[in-house]
Amino acid sequence: MDPDRQIDVVSRLRERLPAEAVLYRPEDTRPYECDGLSAYRELPLAVVLPANEEEVAFVLRTCHEMMVPVIARGAGTGLSGGALPAPDSVLLSLAKMNRILAVDPVARIARVQPGVRNAAISDAAKPYGLYYAPDPSSQIACTIGGNVAENSGGVHCLKYGLTVHNVLRVRGYTMAGDLIEFGSEALDSPGYDLLACVIGSEGMLAVVTEVTVKLIPLPETAKVILASFDDVRKASDAVAAIIAEGIIPAGLEMMDQPATRAVEDFVHAGYDLDAAAILLCESDGTPEEVEDEIVRMEAVLRREGATNLRVSRDESERIRFWAGRKAAFPAVGRISPDYYCMDGTI
């Protein structure tokens, strides 16, 4: 890192941003050296924390003029290295832009800033009987801006889709600091589907400053089947058999024995530790729909060799079953100082 260049960049950025919003000392930038993929680390030239769109635009224009790379960052929970600083780059943290701008229960949409936590959107929509469907394992911490950058999913993406299926509009700025908008709050927008191009681009095409998301009604009820198998292949075949039966579960996740044992020691989810693999199969909807789907899935699971089936008795047990799956990453982190996550998707 060139100290003279660092001083020049920091001085230019502090022309518009408060000194406390432009960090450059190693002890201040160290927390931003990596995201959830901690195997790779790099100190940025500086870290900036803009409080509004105007400051975002200024940072991008200034860095564009000075030929300084900019890396956008949400909460830093991602496992792909998408928020890893490049050498001699400016890390643009959107943590301060964390306001829910509007919730429209009639249109079933919410307008939010990129630093809003995923779970906070559902919390804001809950009084209207609505929620935001994508639920990554890190939803209590990850932000909607990061979700847009990574096209995040979650345990319920099989039925409700990924971020790209649940976002209507994105507002942001190009790396040159030009304002752009993709999509609209209408059911459809004319022209090419550029919104799908931006979502999942990891901040390479634009820095997101505002997102309009879809909200859907909270299901009347939901139940989870915890199915045990004595062979991983049987559990895998059961997944295909459920889909072939014409059933689209609200959630469908598999965990092998090393994962279940690590999780059980961590959160006590009630998993079968003797099983070679378990499947979590969720149904949601009206009570009648759920009961019918649960019966159908139980029949398929037994046919495919399930050794034991448990259906969640109440909401607290359903949440506990899913809490185990969502805690898989930190559970492994508890027993290993460093590891690399490979994520398989059903």
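Mapping the sequence shown onto the numbering used here, position 16 (from 1) lands on 213, and the numbers just tick up by one. The beta-carbon is built from N, C-alpha and C at its ideal position, and this holds for glycine as well. Treat the numbers as computed from the prediction; the structure is a model and nothing was measured.
For residue i, the residue or residues it bridges with in DSSP
i	result
G448	E479
D301	I306
L506	A424
I377	G369
V219	V245
A474	F426, D453
Cβ-Cβ distance between residue i and residue j below 8 angstroms
i	j	result
P311	I337	no
G326	L384	no
L242	R227	no
G343	A272	yes
L288	P282	yes
Y468	E479	no
S290	P266	no
E382	I306	yes
L423	R500	no
A254	Y389	no
F426	A474	yes
A459	A520	no
I396	V352	no
K420	S509	yes
L355	P223	no
L476	R522	no
Y229	R202	no
Coil, strand or helix - residue i by DSSP
i	result
K523	helix
P342	For the record, residue 342 in the displayed sequence is Gly; it is not Pro. Helix.
A419	strand
I543	Note on I543: pLDDT 49, under 50, position unreliable in the model; no value is reported.
V265	coil
L289	strand
L257	helix
A248	coil
R314	strand
D199	coil
R270	strand
D511	coil
D232	coil
A280	coil
V456	The sequence given here places Ala at residue 456; Val does not occur at that position. Residue state, collapsed to three classes: helix.
I532	helix
A435	helix
M294	coil
D462	helix
R213	coil
D489	helix
Y325	helix
R238	coil
Nearest-angstrom Cα separation, counted from residue j out to residue i
i	j	result
R308	G443	35 angstroms
N315	T409	13 angstroms
M451	D428	12 angstroms
P302	A248	27 angstroms
N491	A438	Sequence inspection shows Ile at residue 491; the Asn mentioned does not correspond to that position. The alpha-carbon atoms of I491 and A438 are separated by roughly 14 angstroms.
S171	Y329	Residue 171 lies beyond the residue range present for the chain, which begins at 198 and ends at 543; the question has no answer from this structure.
L214	L234	29 angstroms
A472	E347	33 angstroms
F463	A456	11 angstroms
V244	P333	26 angstroms
L449	E212	51 angstroms
N358	A280	First, the residue type needs correcting, since residue 358 is Gly and not Asn in the sequence shown. Approximately 24 angstroms, taken between the alpha carbons.
A441	N505	22 angstroms
G482	L498	21 angstroms
C231	P331	24 angstroms
L365	A393	10 angstroms
G374	V404	9 angstroms
V487	K323	21 angstroms
G530	S386	43 angstroms
I543	E250	Below a pLDDT of 50, predicted positions are generally treated as unreliable, and I543, at 49, falls in that range; no measurement from the model is reported.
I318	I377	23 angstroms
H261	E512	51 angstroms
Heavy atom of the ligand COA within 7 angstroms of residue i beta-carbon
i	result
I439	The ligand COA is not part of the structure shown, which contains no ligands of any sort.
Which ranges would you report for the alpha helix (DSSP H) in the stretch 327-375 if only whole runs of at least 4 residues count? 341-347, 354-357
4 or more residues per run - each alpha helix (DSSP H) lying fully within the stretch 381-415: 391-395
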